[in-house]
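*Asks:* Chains P and Y, in that order, are what the protein sequence lines are. Here the first sequence is numbered in UniProt numbering, starting from 1 and rising by one per residue. Here the second sequence is numbered in UniProt numbering, starting from 1 and rising by one per residue. Beta carbons: idealized from backbone N, C-alpha and C, even for Gly. These numbers were taken from a predicted model, which means no experiment stands behind them. Structure incoming, see below.
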Amino acid sequence: MPELRNFTLNFGPQHPAAHGVLRMVLELDGEVVMRADPHIGLLHRATEKLAETKTWIQTVPYMDRLDYMSMMCNEHAYCMAVERLLQVEVPIRAQYIRVMFDEITRILNHLLWVGCHGLDVGAMTMVLYAFREREDLVDAYEAVSGARMHAAYYRPGGVYRDLPDRMSQYQESKWKSAAQIKPFNEARSGSLLDFLDDFAGRFPKLLDEYETLLTDNRIWKQRLVDVAIVTPERALQRGFTGPMLRGSGIAWDLRKKQPYEVYDRVEFDIPIGKTGDSYDRYLVRMEEMRQSNRILKQCIDWLRQNPGPVMSDNHKVAPPDREAMKSNMEELIHHFKLCTEGMHVPEGEAYSAVEHPKGEFGIYIISDGANKPYRLKIRAPGYVHLSAMDEMARGHMLADVVTIIGSQDVVFGEIDR
Amino acid sequence: MSAKLEALSQNLQQCLGDRVKSLKLAFGEVTLEVEAADYFSVMLSLRDEPDLAFEELIDLCGVDYSTYGNEPREGRRFAAVSHLLSVAKNWRLRVRCFAPDDDFPSLPSVTSIWNSVNWFEREAFDLFGIVFPGHDDLRRILTDYGFIGHPFRKDFPISGYVEMRYDPEQQRVIYQPVTIEPREITPRIVREATYGNAENA
């Protein structure tokens, strides 16, 4: 009689379904997972330590690189924490712009998630559709900030600049004639808001298209239904937030429960799941995209009617206008101080959290009154969700591990920091 | 909102009694400080008292206070700061607890109260060297396998001590002392409280 032993499998760190650099040591009994031990930190860059050596404003671009699928939401949490310590008011138009871009970011994140999750589980087409729509939204990122991913658009005190009046257009080239590019440029002939309005009009129909591909798909359901069920009690005990918590049936959304910026002025609903399995989390995220689209439309309408400043006029925090700087001594001094020493944030500590596409993304700042943070702690939702991997994967098949990683929506930029 | 924070502060005083070392309200957030000896029992009350009902631990992080305010530190150096959330009551709380011994910082683990703290305590151990007795799997988590030191301590240089490169002669990856010089472009400045006031000019 041969001796039977559990089989240990090294999953990753270079596995296409590992969503980055996740190394997981899986102990298998046949094909059943007995223990999952994620090894993280392969992408650790010590962002928090680096922030201690950078001025307050220099840390903003580091935030983009945490969860590199939802860039502006990360900046948002950081800016809100700094603003809370500084006690500066953000102009209402900037608040609307932030809410609008938070929702654009949510759609961006969920589109990538549904694409990659589909790819992992075997629905190859999804990723192509998702990236088609992402293209429009990263163009919106580019229009406001000049960068398609790492925007650094939110700043303490507001946003970097107002929305542009025109969109970049496709140019005629050797390969594409003027007649061929004309349909591409139709939506781009107006301002950024016109472009986004066109997108918001199209998007619900596209979402229906995705759902026809997946929601009732037999294979999709076989792979997702009843995989990794998390009860509400366990979800709280494991510190879940965002779609992971809502998938387990707890109606908790910071945008509703602890509204920040202008979320109390826009209308939207929070979808929740019933059984808490991977399929419910999928449905929750799909519905969230619809709700985000609703918020997006409301923001566009408001922004069209209400021009105004987008940056605080407190020049101890926000740089002064270039023109004023060139003719005015006071402004010149402020500019010089801000660009060399940077702003000083009063002594104290603050924790600010946003409803990030993946869950609660929090920034905890301790300031001792210097021009740099004393300690910055990033509370990444994916870190907490991944720590529940062992509990979620135990007793499931090896192939389900891939589903679970996909359904947790992990990104290593934020987990390893 | 402030009425809610008042209620929370009152409930905290009532439920915890003299285990509260200090209770502060700033920027719309409540900060509770406790002694290490009371830490575990306070955390348990925070979760189980129906008037507090912190069923979720959002975050726990280590802090090294040794160079706070650019001045030599009096008092203890390492603290663990946790952020708690009550879904039922919709309020938050920050709990700070200083580790009694600077040379061997140690605090009881709260993994049995909230399972979510597991990786956060591993992280605090990895980056700050705070030990959590009662944690059943206190391994390093973010740094490399076989890493030496606790990189987020204030006396650990930003460039680290070792760097890694491929050595063509030995045909393997080797560690060597760092060859880069750390530089500081913008110095860290803490202004006195009255700096920039017109009356002092």
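Consult DSSP for residue 8 of chain Y and reduce its assignment to one of helix, strand or coil.
*Replies:* Here residue 8 of chain Y sits in helix by DSSP.
*Asks:* DSSP three-state call for residue 182 of chain P: helix, strand or coil?
*Replies:* In the structure shown, residue 182 of chain P sits in a helix (DSSP, three-state: H, G or I).
*Asks:* Skipping 5 residues on each side, what residues in its chain have a beta carbon closer than 7 Å to that of residue 51 of chain P?
*Replies:* Here the set comprises 59, 62, 373 and 376.
*Asks:* Using a Cβ-Cβ distance under 8 Å, would residue 371 of chain P count as near chain Y?
*Replies:* For residue 371 of chain P, the answer is yes, since a Cβ of chain Y falls inside 8 Å of its Cβ.
*Asks:* Can you pull the chain P residues whose beta carbon is under 8 Å from the beta carbon of residue 151 of chain Y, in chain order?
*Replies:* Chain P residues near residue 151 of chain Y: 46 and 49.
*Asks:* For residue 72 of chain Y, count neighbouring Cβ atoms within 10 angstroms of its own Cβ and tell me buried if that reaches 16, exposed if not.
*Replies:* Its Cβ having fewer than 16 others within 10 Å, residue 72 of chain Y is exposed.
*Asks:* Using a beta-carbon distance cut-off of less than 9 Å, what residues from the segment 246–261 of chain P approach chain Y?
*Replies:* The residues in question are 250, 252, 257 and 258.
*Asks:* Contact check, residue 20 of chain P vs residue 43 of chain P under 8 Å by CB: the rounded distance?
*Replies:* Contact holds; Cβ gap of about 7 Å.
*Asks:* DSSP has residue 79 of chain Y in a bridge; who is on the other side?
*Replies:* Answer is Y/63 and Y/98.
*Asks:* Just tell me which of Y/172, Y/108, Y/159 and Y/21 has its CA closest to the CA of residue 178 of chain Y.
*Replies:* Cα-wise, what sits closest to residue 178 of chain Y is Y/159.
*Asks:* Just curious, the beta strand (DSSP E) that residue 138 of chain P is in, first and last residue?
*Replies:* Premise fails: residue 138 of chain P lies in the alpha helix (DSSP H), 125–145, not in any beta strand (DSSP E).
*Asks:* If we define contact as Cβ-Cβ less than 8 Å, is residue 344 of chain P a contact residue for chain Y?
*Replies:* Residue 344 of chain P counts as touching chain Y.
*Asks:* Decide if residue 410 of chain P is buried, meaning its Cβ has at least 16 other Cβ atoms within 10 Å, or exposed.
*Replies:* By the neighbour-count rule (16 or more Cβ atoms within 10 Å), residue 410 of chain P is buried.
*Asks:* When the cut-off is 8 Å and only beta carbons count, does residue 194 of chain Y lie next to chain P?
*Replies:* No, residue 194 of chain Y lies away from the interface with chain P (no Cβ there is under 8 Å from its Cβ).
*Asks:* If you measure from the beta carbon of residue 190 of chain Y to each beta carbon in chain P, is any gap under 8 Å?
*Replies:* Answer yes: the Cβ-Cβ gap between residue 190 of chain Y and chain P drops below 8 Å somewhere.
*Asks:* From which residue to which residue does the beta strand (DSSP E) around residue 377 of chain P run?
*Replies:* Taken as a continuous stretch (DSSP letters only), the beta strand (DSSP E) holding residue 377 of chain P covers 375–379.
*Asks:* From which residue to which residue does the beta strand (DSSP E) around residue 223 of chain P run?
*Replies:* Run containing residue 223 of chain P: none in the beta strand (DSSP E); it sits in the alpha helix (DSSP H), 218–224.
*Asks:* Looking at chain Y, is there any beta carbon in it that lies within less than 8 Å of the beta carbon of residue 383 of chain P?
*Replies:* So, interface residue.
*Asks:* State the DSSP-derived secondary structure class of residue 6 of chain P, mapped to helix, strand or coil.
*Replies:* It is coil, neither helix nor strand.
*Asks:* Using a 10 Å radius around the Cβ and a threshold of 16 neighbouring Cβ atoms, would you call residue 54 of chain P buried or exposed?
*Replies:* So residue 54 of chain P counts as buried.
*Asks:* Can you list, in chain order, the residues of its chain whose CB lies under 6 Å from that of residue 390 of chain P, leaving out five sequence neighbours each side?
*Replies:* The residues are 36.
*Asks:* Please classify residue 14 of chain P as buried or exposed, where buried requires at least 16 other C-beta atoms within 10 Å of its C-beta.
*Replies:* Per the 10 Å Cβ criterion, exposed.
*Asks:* Any beta carbon from chain P within less than 8 Å of residue 33 of chain Y's own beta carbon?
*Replies:* It does not; no Cβ of chain P falls within 8 Å.
*Asks:* Give, in chain order, every residue of the segment 142–171 of chain Y whose Cβ lies closer than 7 Å to some Cβ of chain P.
*Replies:* Correct list: 142, 143, 151, 152 and 158.
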